[in-house]
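Okay, so here's the structure we're looking at.
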Amino acid sequence: MVNFQFLSGLNTIGANIIDIQSNSGRIIFDYGEIFDSNLGRLPEWEDSIENTAIFISHLHIDHIGSLDQVPAEVPIYMSVDSYRLYQWLIEIEEEQAIQATVYPLNYNEIKTVGDIQVFFKKSDHDIEGACAIFVQTPDVKLINSGDVRLSGNFPENVNKWMEEGNKFKPDIFLLEGTSFSFEEEDEIEKEVTEKEMYDKWQNLLKENQQEIIFINPYIRDITRVYNLSTITQMNGRKIVLEPKYAYLLEKYHKSLDFFVLKELDRKQYFKKNWISLEEIQKDPKKYVLQNTFENRMFMKMFEKGVYCHSNGEPLGDYDVRYQNLVSTIEDHNFTFKDFNVSGHATQEDIVAIAKEVDAKITIPWHSFKPEKLMESLMAAGLSTFLPEKDTIYSLNRLNKNVVG
Numbered sequence: 005m006v007n008f009q010f011l012s013g014l015n016t017i018g019a020n021i022i023d024i025q026s027n028s029g030r031i032i033f034d035y036g037e038i039f040d041s042n043l044g045r046l047p048e049w050e051d052s053i054e055n056t057a058i059f060i061s062h063l064h065i066d067h068i069g070s071l072d073q074v075p076a077e078v079p080i081y082m083s084v085d086s087y088r089l090y091q092w093l094i095e096i097e098e099e100q101a102i103q104a105t106v107y108p109l110n111y112n113e114i115k116t117v118g119d120i121q122v123f124f125k126k127s128d129h130d131i132e133g134a135c136a137i138f139v140q141t142p143d144v145k146l147i148n149s150g151d152v153r154l155s156g157n158f159p160e161n162v163n164k165w166m167e168e169g170n171k172f173k174p175d176i177f178l179l180e181g182t183s184f185s186f187e188e189e190d191e192i193e194k195e196v197t198e199k200e201m202y203d204k205w206q207n208l209l210k211e212n213q214q215e216i217i218f219i220n221p222y223i224r225d226i227t228r229v230y231n232l233s234t235i236t237q238m239n240g241r242k243i244v245l246e247p248k249y250a251y252l253l254e255k256y257h258k259s260l261d262f263f264v265l266k267e268l269d270r271k272q273y274f275k276k277n278w279i280s281l282e283e284i285q286k287d288p289k290k291y292v293l294q295n296t297f298e299n300r301m302f303m304k305m306f307e308k309g310v311y312c313h314s315n316g317e318p319l320g321d322y323d324v325r326y327q328n329l330v331s332t333i334e335d336h337n338f339t340f341k342d343f344n345v346s347g348h349a350t351q352e353d354i355v356a357i358a359k360e361v362d363a364k365i366t367i368p369w370h371s372f373k374p375e376k377l378m379e380s381l382m383a384a385g386l387s388t389f390l391p392e393k394d395t396i397y398s399l400n401r402l403n404k405n406v407v408g
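Residue numbering for the sequence shown follows the working numbering, beginning at 5 and increasing consecutively.
Structural data, given as structure tokens:
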């Protein structure tokens with residue numbers, strides 16, 4: 005018999021952890037940081053951890069933030085693309101090496117843990133290597149959507165695993181419901197696709213040819229960093245990156261020309277590509293400067309400019325640093341522009357994903373209001389259930405509690 009225990013992530017955005025145990029195997033995914041013990045906890049490790057493994061859907065902090073607490077003997081698996089990015093993040097000290105061993109797993113490659121089989125399906129989120137996780141045991145089939153969207157750079161990946169998920173005929177589908185966290189209409193972020201954001205970026209570059217432009221993208225979304233940089237160059241400006249961003253970008257795209265801000269390259273990764281703030285000051289309109297929150301005061305070196313926020317930190321006004329950023333922008337005569345694009349599917353797309361996969365039971369999580377997603381699933385004619393934290397469920401017990 006297979007038992008499921010939800011340890012975290014049922015009514016929060018992130019920190020999703022489920023512990024699945026069979027007759028001869030145990031798997032866990034993901035392993036994010038727990039900020040509130042009332043909302044979740046990490047797994048307990050018994051004396052014997054034979055035939056145990058952790059599987060990671062993607063490399064956002066809320067899904068890997070507690071990997072440093074995994075026992076050394078427990079293997080950790082992530083997609084081959086996530087593994088590559090993870091090693092580079094360690095090199096630039098965005099992540100720290102851990103005691104457990106991390107292994108890459110090719111997409112569709114089956115990893116067997118006892119009598120449990122696990123394989124990754126390439127997906128789309130705002131980070132390299134994101135995947136859906138398929139699980140098969142002798143008596144249960146399960147899919148974890150991971151964080152997912154249809155409005156990103158690679159919707160075809162999601163459409164493919166949705167179709168394959170339907171053929172897989174899962175008993176259980178764990179589905180993220182981030183966009184259902186917002187109840188009021190004005191709380192729901194207007195849907196903007198990656199393509200629409202890139203078009204908006206190009207228009208800004210064409211319309212504003214007199215001022216320096218700052219851009220703050222998320223360092224782990226290297227596809228966006230690359231696309232923004234390419235469009236910048238196509239429109240006659242030079243892109244200037246902080247060293248960590250430049251290091252990752254060169255790993256993925258060695259042929260792209262860019263400058264590195266000399267003042268920040270203390271490890272001297274890029275001597276040949278250096279440019280100083282003093283040099284940029286001579287003709288600011290020629291440049292786009294990638295700028296993180298900790299370097300926001302570089303704005304004071306220019307008379308005016310445009311500051312574009314593109315899912316970099318701080319992410320929003322719920323972060324105490326956000327007002328500090330806004331004040332800095334205003335104090336230095338910069339104009340704020342919103343270039344954020346959600347890494348999560350819209351409410352409509354989430355329900356569409358659930359309908360296509362068509363599992364026997366669809367379980368909402370990764371949401372402040374999973375009950376809202378539950379209502380939408382029921383309205384779509386799907387069977388669903390809201391589990392309780394720490395309760396141990398068998399498939400039979402889940403079936404007895406299903407509604408819809």
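Where a beta carbon is used, it is the ideal one built from N, C-alpha and C, also for glycine.
Candidates the options, of which the one nearest residue i by Cα
| i | options | result |
| --- | --- | --- |
| THR366 | SER26, LYS204, HIS336 and ILE176 | ILE176 |
| SER149 | LEU63, VAL361 and LEU11 | VAL361 |
| GLU392 | ALA384, ARG224, VAL74 and TRP369 | TRP369 |
| HIS62 | ASP287, MET382 and ASP130 | ASP130 |
| GLU307 | ILE279, HIS336 and PRO318 | HIS336 |
| GLN206 | LEU14, TYR111, LEU232 and PHE184 | LEU232 |
| ASN411 | PHE274, ASP269, ILE96 and ALA134 | Coverage of the chain is limited to positions 5 through 408, which leaves residue 411 absent and any answer about it impossible. |
| ALA104 | GLY316, GLY133 and LEU71 | LEU71 |
| SER83 | ILE96, GLU167, ILE94 and TYR111 | TYR111 |
| THR326 | PRO318, GLN214 and LYS248 | It should be noted that the sequence gives Tyr, not Thr, for residue 326. Nearest C-alpha to TYR326: PRO318. |
| ALA19 | LEU46, ALA57 and LEU253 | LEU46 |
Under the three-state DSSP convention, the category residue i falls into
| i | result |
| --- | --- |
| LYS404 | helix |
| TYR291 | strand |
| ASN170 | helix |
| SER127 | coil |
| ASN212 | coil |
| GLU198 | helix |
| ARG30 | strand |
| THR227 | helix |
| SER387 | coil |
Contact belief for residue i with residue j at Cβ below 8 Å, rounded distance in angstroms
| i | j | result |
| --- | --- | --- |
| TYR230 | LEU265 | With a Cβ gap of about 18 Å, TYR230 and LEU265 do not count as contacting. |
| LYS210 | ASN239 | 6 Å |
| GLY118 | GLY69 | Going by Cβ atoms, the distance from GLY118 to GLY69 rounds to 27 Å, so no, they are not a contact pair. |
| LYS290 | ARG241 | 6 Å |
| VAL152 | GLU180 | 6 Å |
| ILE354 | LEU377 | 7 Å |
| PHE302 | LEU281 | 6 Å |
| ILE17 | THR227 | 22 Å between Cβ atoms; not a contact. |
| LEU178 | ILE147 | 7 Å |
| LYS271 | PRO247 | 7 Å |
CB contact flag (residue i, residue j, <7 Å)
| i | j | result |
| --- | --- | --- |
| ILE217 | VAL330 | no |
| ASN55 | SER28 | yes |
| VAL78 | ILE53 | yes |
| GLU198 | ASN161 | no |
| VAL106 | ILE137 | no |
| THR388 | GLY408 | yes |
| PHE59 | VAL122 | yes |
| LEU89 | ALA349 | no |
| PHE343 | SER314 | yes |
| SER185 | SER371 | yes |
| SER12 | ILE24 | no |
| THR141 | SER26 | yes |
Inset, instruction - Jot down the residue ranges of each uninterrupted alpha helix (DSSP H) in the segment 297-350, minimum 4 residues, whole runs only, in chain order. - result: List check, alpha helix (DSSP H) in window: 325-335.
Inset, instruction - Ignoring anything shorter than 4 residues or poking outside the segment 40-120, list the alpha helix (DSSP H) runs there in chain order. - result: 65-68 and 84-95
Legend entry - Sequence ranges, alpha helix (DSSP H) only - wholly within the segment 349-374, length at least 4: The segment 349-374 contains these whole alpha helix (DSSP H) runs: 351-361.
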